[in-house]
Amino acid sequence: MRCPVCNGVGMVDNPRFYNRPCWDAWESGIPTRIRCRHCGGYGFIIGEISDIIPALQTAVDEHRGLTAKETKQILTTLLKENKS
Numbered sequence: 000m001r002c003p004v005c006n007g008v009g010m011v012d013n014p015r016f017y018n019r020p021c022w023d024a025w026e027s028g029i030p031t032r033i034r035c036r037h038c039g040g041y042g043f044i045i046g047e048i049s050d051i052i053p054a055l056q057t058a059v060d061e062h063r064g065l066t067a068k069e070t071k072q073i074l075t076t077l078l079k080e081n082k083s
């Protein structure tokens, strides 16, 4: 399922950048975009059984392991489906 906060992009606007004058923020090295906290910068959240297969396929295709957050989401979803 796509993250509702970043709409599947994984990045959101940094509010610290826009609280200062743009030249000051640029000189201070504050980035304009930061990783989404809700999804951890991956762009999707695992909440249903149909989301697990694409998440595992992405992890295999990109040769990266699952994060602890993704593993917990998969486990919670599988346990929820097992009870029902």
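0 is the number of the first residue of the sequence shown in numbering that gives the first Met the number 0; add one for each residue after it. Note that CB positions come from ideal geometry on N, CA and C, so glycine has one too. Quantities reported herein were computed from a predicted structural model and do not represent experimental measurements.
Alpha helix (DSSP H) segment containing V4, residue limits
Looking at the DSSP string, V4 is not in any alpha helix (DSSP H), and its letter there is neither H nor E.
Please tell me whether G42 and V8 are closer than 7 Å, where the distance is taken between their beta carbons.
yes
Once DSSP output is grouped into helix, strand and coil, what is the label at V8?
Coil, per DSSP.
In terms of residue numbering, what span does the beta strand (DSSP E) encompassing R19 cover?
Looking at the DSSP string, R19 is not in any beta strand (DSSP E), and its letter there is neither H nor E.
Indicate whether the contact test is met: 3 or more Cβ pairs, each with one atom in the segment 68 to 81 and one in the segment 42 to 51, closer than 8 Å.
yes
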